[in-house]
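Quick notes on the structure that follows.
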Amino acid sequence: MIRFEGVHKWFDKLHVLNNINLHVRSGEVVVVCGPSGSGKSTLIRTINDLEPINEGKLLVDGKDLSDKKTDINKMRAEIGFVFQQFNLYPHLTVLRNITLATMKIRNLSRKDAEEQAMTLLKRVGLPEKRDAYPSQLSGGQQQRVAIARGLAMKPKIMLFDEPTSALDPEMIGEVLQVMKDLALSGMTMIVVSHEMGFAREVSHRIIFMDFGTILEEAPPEEFFKNPQHDRAKQFLKQILSPMH
Amino acid sequence: MIGGLDFSVVRDNLSYFFIGRYPKGPLGGVGLTLYLAVVSLALSFIGGLILGLLSVSRNRLLRYGSMAAIQTIRGMPLLMVIFWMFFLLPAMLGGGMTASWTIIVALTLFTSAYMSEIVRAGITGIPKGQMEAAISTGLSHGQAMIHIILPQALRNMIPSFVNQFVSMIKDTSLAFIVGVSELTQIATQINNRTMLYPTEIFIFIAVIYFIICFAFTELSRWLERRLAYRKAI
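First to last, the sequence lines map onto chains A and B.
The first sequence lines up with residues 7 to 250 when you count with this note's numbering.
The second sequence lines up with residues 2 to 234 when you count with this note's numbering.
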């Protein structure tokens, strides 16, 4: 589904992605973790070309992103992206946030688009918020709407860039629950997150990054029980018991 | 008589102040001032929007070209732009341009340049995540601009727009220099004819300018309130 082959990226002189090789299969749930500045956000932002790569090859659903002939807008419509800061459109209601792209890109009628949006709002547990504006919702609710917005395009892949990092602790659970349901439905997901509970319970594979490279790649039980790399051991120690 | 001032000169020429020789002759006075202002306002809104969008374009040629034009106009006094248009446009078009349209073109050019900076600032002031979220759903850059960025940016721009327009309404008074019979020109005419009441005449037109600008500012406040989307509870 997604294949990185020797991918490099620089921000000026900073080597943010250094020889990334990774293959994510259809239906797989992959959690990416690592210290801040390790390149994990950049990694998933390259998948829908928010950050173009400088070197190597990146294939998404069989199409080469660096190929000039690839229609990037069309590609992006097949990839849902959920941001740390939600990025809902503040001037539109919850319903319009979800229906905008389906009406413009999928050419759904308003009635069909709204019906579909309501189905998704029920799925994320917020049908009664259809006419609310984003500023009237809590962070957790906003993030669930953002997930519904991503799902409205019926994407083949969902990407999550630290979806719970901007949330108050009591709202993290509701968002993770929605993501868990999504994972169980067979969606291909890449999640940048430090939610180790989610990673342990839901993911098929954990990727540990630092300094722009993938240092470790293992199924969750293996990663938590027996991390190979020193940096991974240190990271796990810090994240599981931050007081030490 | 008010404090030694005699406003009968205003009363005697009231209709001349407001509409010039209209309907027997051309429109003048306050009527022409409003006409110049409203037409230039509409045109410079469009001009400012286009120039502003070009100045944030991803095409380097368009971006630098528009920025050069904006900086050139901003670096000139308005009076200079008016003279330029007054002497240049007839030469370019082979005559046939009324003085009023000279002023409209000059004001539009001048105000568009300032408006475009407001537009540019408004667009770049919208958080980057909005554009990213929009294009992530598959919208093109242009669609995202139209449906997501501009509606938010334009709301934020209203106060600056109004500022610019109010200052433009006052700038229409410079039209008197090329003989357009708007309010200031009419006042000068009446003053030259009567010779005795400059204070009364210029107090009167100052009040008129104030009322127009004040009304416009109030209108925009109302608009701003109406367009404000609900803030956090």
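Positions of the beta carbon are idealized from the N, C-alpha and C atoms, including for glycine.
Secondary structure at A224 of chain A: strand, using DSSP grouped into helix, strand and coil.
Taking all protein chains shown into account, L190 of chain A has fewer than 16 neighbouring C-beta atoms within 10 Å of its C-beta and is therefore exposed.
Looking at the DSSP output, F10 of chain A shares a beta bridge with A:L28, A:L64.
Taken in chain order, the members of the stretch 106-131 of chain A whose beta-carbon sits within less than 9 Å of a beta-carbon on chain B are L106, A107, T108, K110, I111, R112. Less than 8 Å divides the Cβ of F87 of chain A from the Cβ of S137 of chain B.
In the DSSP assignment, D70 of chain A forms a beta bridge with A:L65.
Under the Cβ criterion (8 Å, minimum of three pairs), the stretch 98-109 of chain A does not count as touching the stretch 55-65 of chain A. Taking the Cα positions, Q148 of chain A is about 6 Å away from P140 of chain A. Put simply, the backbone Cα of F177 of chain B is about 14 Å away from that of F203 of chain B. Taking a Cβ-Cβ cut-off of 7 Å, the neighbours of I136 of chain B in chain A comprise R82, given in sequence order. Contact between I53 of chain A and V38 of chain A is ruled out by a C-beta separation of about 11 Å, above the 8 Å threshold.
With respect to the C-alpha of G145 of chain A, the residue from A:G156, A:V181, A:K160 having the closest C-alpha is A:V181. In summary, the residues of the stretch 127-158 of chain B whose CB is separated from some CB of chain A by less than 8 Å are P128, G130, Q131, E133, A134, A135, I136, S137, T138, G139, L140, S141, Q144, H148, I149, P152, Q153, R156, in the order they occur in the chain.
Counting along the chain, M215 of chain A sits inside the beta strand (DSSP E) bounded by residues 211-216.
Partner residues in the beta bridge of T219 of chain A, as assigned by DSSP, are A:D216.
Following the DSSP letters along the chain, one finds F166 of chain A in no alpha helix (DSSP H) but inside the beta strand (DSSP E) bounded by residues 163-167. In its chain, beyond the 5 residues on either side, T185 have a beta carbon closer than 6 Å to the beta carbon of S174 of chain B. The alpha-carbon of T125 of chain B is positioned some 27 Å away from that of A154 of chain A.
With 16 or more other Cβ atoms from the protein chains shown falling within 10 Å of its own Cβ, P161 of chain A counts as buried.
A distance below 8 Å separates the beta carbons of E201 of chain B and V11 of chain B. Listed in chain order, the non-local C-beta contacts of N27 of chain A below 8 Å within the same chain comprise F10, E11, G12, V13, I220, local neighbours out to five positions each way being set aside. The continuous beta strand (DSSP E) containing T194 of chain A extends over residues 194-198.
For V36 of chain A, the enclosing beta strand (DSSP E) has its first and last residue at 35-39. Here DSSP, grouped into helix, strand and coil, assigns L6 of chain B to strand. Counting only residues of its own chain and dropping the five nearest sequence neighbours on each side, G40 of chain A has a CB closer than 6 Å to the CB of K46, F214, M215, D216. Between N93 of chain A and A172 of chain A, the C-beta spacing is not below 8 Å.
In terms of beta-carbon proximity, F166 of chain A stays away from the interface with chain B, with every pair separated by 8 Å or more. Burial of I149 of chain B is indicated by the presence of at least 16 other C-beta atoms within 10 angstroms of its C-beta. In the DSSP assignment, V88 of chain A falls within the beta strand (DSSP E) that extends over 85-88. Between L108 of chain B and S41 of chain B, the CB-CB gap stays under 8 Å. The DSSP-derived three-state label of F17 of chain A is strand. With respect to the 8 Å criterion, P225 of chain A and H210 of chain A are classified as neighbours on the basis of their beta carbons.
At the C-beta level, T99 of chain A and D70 of chain A stay beyond 8 Å of one another.
Straight-line measurement puts the Cα of E57 of chain A at about 6 Å from the Cα of R51 of chain A.
For M159 of chain A, the nearest beta carbon of chain B is closer than 8 Å to its own beta carbon.
Cβ contact annotation for L90 of chain B (same chain, cutoff 7 Å, sequence separation greater than five): M98, T103, V106, in chain order.
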